[in-house]
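In the working numbering, the protein residues as written are 639 to 1262.
Idealized CB from N, CA, C, for every residue including glycine.
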Amino acid sequence: MSWGTELWDQFDNLEKHTQWGIDVLEKYIKFVKERTEIEINYAKQLRNLSKKYQPKKNSKEEDEYKYSSCQAFLATLNEMNDYAGQHEVVSENMTSQITAELARYVQELKQERKMHFHDGRKAQQHIETCWKQLESSKRRFERDCKEADRAQQYFEKMDADINVTKADVEKARQQAQLRHQMAEESKAEYSSTLQRFNHEQHDHYHTHIPNIFQKIQEMEERRIIRIGESMKTFAEVDRQVIPIIGKCLDEITKAAESIDQKHDSKLVVEAFKSGFEPPGDVDFEDFTQPIKRTVSDSSLTNSKDGKPESRFSSKSKGKLWPFIKKNKPPPPPPSSSASPSAVPNGPQSPKQQKEPLSHRFNEFMTSKPKIHCFRSLKRGLSLKLITLNMQVWNLMEGGGPEDFSNLPPEQRRKKLQQKVDELNRDIQKEMDQRDALTKMKDVYIKNPQMGDAASVDLKLAELAQNLEKLRLEAQKFEGWLAEVEGRLPARTEPARRQSGMYEPQNTLTVNNCAQDRESSPDGSYTEEPSQESEVKVPAPEFDDEFDDEEPLPTIGTCKALYTFEGQNEGTISVSEGETLFVIEEDKGDGWTRIRRNEDEEGYVPTSYVEVFLEKNAKGAMTYI
């Protein structure tokens, strides 16, 4: 159905209708724009929500996320972040594919509409002009006809009057003829104008206006199609992110299904297990006998100074001390005969107020560590200063004793193991830096134009000092760890080999003084050792018995990647490309023990060789 034939006389209404269509399109653009703003704000709120509940770095919350339920929650937070990203994608796509496109189309639509209605007004003005010309010709023809009638009547009157002269009659006759001639001319002009107007009018209503209205109709139909396509795009933009959102939700469901309550329960046991045995039965005390009350070995007693004491006051008879919050039992005696039931601590020992920092510092300064063998007084003073610095730092940080003796055995073991692992990582990092600087120095020596080799020495010396401190600390904590685990290894093996840039001059054995620590500085229980634990400081010297040991078995082969000049004791020189036997692999100190023949063996830097270990070979002993 064509607007040109059906709505030929509705020019004004069509103008209003097309303007209304543009207003609808602009309204839809505004709707989509507000939807994009909602999506952006929603995504921002989701991201802020996810960030708010993310665990803070270096805080207690990070430890909580070892549980599967917390890990599932963390996965949910991460998926919510991705979920928010999809809403941002929706906003961006709607802005680029709908809002921007429709805004540009509206401008084009307004220009096209303006042009079509301008052409329509021109056609209307033309037909109105033709109509006015027709009316003017018609009025002139009417006027001339009336004038010709009056002139004819006047001539007839003059001709009938006998008193009028012949000249007047002739004059009247000529005037009547002139008026008739003018009327004929007006008639001819009117007829011509009328024919022309009819032709213009036919073209106007059957050609010009239908063509203009047809273009307006097509324009309006394109607007309708465009808004429909935009609505489809609106839905398609949402539909495109549904699979990704579905994956996010699937991952959340998967994280929820991965929660393992048994695993979480096991982690709780590992986190809070003290390692103590539950207290034994309390013996019956017979007050009817006139004898001194005694308590059996299985009761909760304090045998300090050889005087047994009752664990229960008059107000707390019949209660077990681990569940009393006000009074804390004294530490156990140093005797090794105490039964597990007499351990003065339960699953969670009550905390006691810490001693003042100044008192604990003075106590440490006045105490004398037992040092069995000094090869150098300077070395001993250095060790004491290192230990003093670590103790003071721990006291100022409020972290408790350095050996974690204030913790139950199981928790203490875990803390010591963590500390040993951390120190080993630091040692490895320092060794990597040392090896890199050593290689850089070698390059500078071979190619002086690339840099000054002496500039690396200061950094290498600093790394050597750091390695010495870290190794001292690591061995100290390993000794405490061995004490907790009940293994007191003999320290008679050769010490770990040092790098050529790191050559300590003395070896000293430090007594761990475990028996002097019957209780920690804050009064909590520590384990009682059955013998002293000795920690050996690393040194490059080798014991005389080293050559008398039985040859170690071969565990693989290695190929020298670089030439190494073994100038220090215990090392061996190798040439680039040489193949040798491996008898001891790198234990974390950066050195590998190799053998050329029965009489030649020693250590080379691990970074200088490529090791090929046998599949079922057993490694040599580890020297610490």
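By DSSP's criteria, residue i is part of a beta bridge. Which residues make up the other side?
i: residue 1248; result: 1197
i: residue 1243; result: 1229
i: residue 1220; result: 1194 and 1232
i: residue 1212; result: 1202
Would you grab the beta carbon distance between residue i and residue j for me? Rounded to a whole angstrom, and I think it's under 8 Å.
i: residue 754; j: residue 853; result: 5 Å
i: residue 851; j: residue 762; result: Not really, about 12 Å apart at Cβ, beyond 8 Å.
i: residue 913; j: residue 1047; result: 4 Å
i: residue 858; j: residue 659; result: 6 Å
i: residue 663; j: residue 744; result: 6 Å
i: residue 1246; j: residue 1190; result: Actually they are not in contact, since the Cβ atoms of residue 1246 and residue 1190 sit about 20 Å apart, beyond 8 Å.
i: residue 671; j: residue 737; result: 5 Å
i: residue 1268; j: residue 1081; result: An answer regarding residue 1268 cannot be provided, because it is not within the stretch 639 to 1262 covered by the chain.
i: residue 1095; j: residue 1228; result: That belief does not hold up - the Cβ atoms of residue 1095 and residue 1228 are roughly 19 Å apart, past 8 Å.
i: residue 704; j: residue 905; result: 6 Å
Measure the CB-CB distance between residue i and residue j and report whether it falls below 9 Å.
i: residue 1231; j: residue 1223; result: yes
i: residue 1108; j: residue 1076; result: no
i: residue 805; j: residue 797; result: no
i: residue 706; j: residue 897; result: yes
i: residue 1248; j: residue 1221; result: no
i: residue 759; j: residue 789; result: no
i: residue 1115; j: residue 1061; result: yes
i: residue 1052; j: residue 915; result: no
i: residue 1055; j: residue 1110; result: no
i: residue 814; j: residue 793; result: yes
i: residue 891; j: residue 732; result: no
i: residue 1049; j: residue 911; result: yes
i: residue 712; j: residue 861; result: no
i: residue 684; j: residue 868; result: no
i: residue 657; j: residue 751; result: yes
i: residue 764; j: residue 838; result: yes
i: residue 618; j: residue 681; result: Because the chain is modelled from 639 through 1262, residue 618 falls outside the range shown and cannot be assessed.
i: residue 887; j: residue 717; result: yes
Kindly indicate which residue of the options has the alpha-carbon position closest to the one of residue i.
i: residue 1102; options: 666, 657 and 1067; result: 1067
i: residue 666; options: 1240, 770, 1088 and 864; result: 864
i: residue 1112; options: 800, 1064 and 1051; result: 1064
i: residue 1211; options: 834, 1241 and 779; result: 1241
i: residue 1252; options: 749, 1104 and 1194; result: 1194
i: residue 725; options: 694, 1042, 1116 and 677; result: 677
i: residue 1071; options: 1100, 834 and 671; result: 1100
i: residue 783; options: 826, 752 and 874; result: 826
i: residue 688; options: 767, 715, 701 and 681; result: 715
i: residue 771; options: 829, 1207 and 900; result: 829
i: residue 889; options: 1219, 709, 1250 and 704; result: 709
i: residue 1213; options: 1206, 1196 and 910; result: 1196
i: residue 1088; options: 731, 903 and 1079; result: 1079
i: residue 846; options: 757, 639, 734 and 1201; result: 757
i: residue 841; options: 803, 894 and 768; result: 768
i: residue 1218; options: 920, 1093 and 1236; result: 1236
i: residue 773; options: 819, 824 and 742; result: 824
i: residue 833; options: 781, 894, 776 and 1243; result: 776
i: residue 1215; options: 1208, 1226 and 1202; result: 1202
i: residue 673; options: 1083, 873 and 844; result: 873
i: residue 1205; options: 1243, 1225 and 1192; result: 1243
Does chain C have any CB closer than 9 Å to the CB of residue i?
i: residue 897; result: Looking for chain C here will not work: only one protein chain is present.
Query raised in the report: For the region 1060-1116, which segments carrying the alpha helix (DSSP H) assignment without a break, of at least 4 residues, lie completely within its bounds, in sequence order?
Result: Runs of the alpha helix (DSSP H) inside the region 1060-1116: none found.
Query - Inside the region 688-755 only - alpha helix (DSSP H) runs reaching at least 4 residues - result: With a minimum length of 4 residues, the continuous alpha helix (DSSP H) runs that stay inside the region 688-755 are 698-702 and 706-732.
Query raised in the report: Taking the runs of the alpha helix (DSSP H) that are 4 residues or longer, which of them lie wholly in the region 848-927?
Result: Runs of the alpha helix (DSSP H) inside the region 848-927: 899-910.
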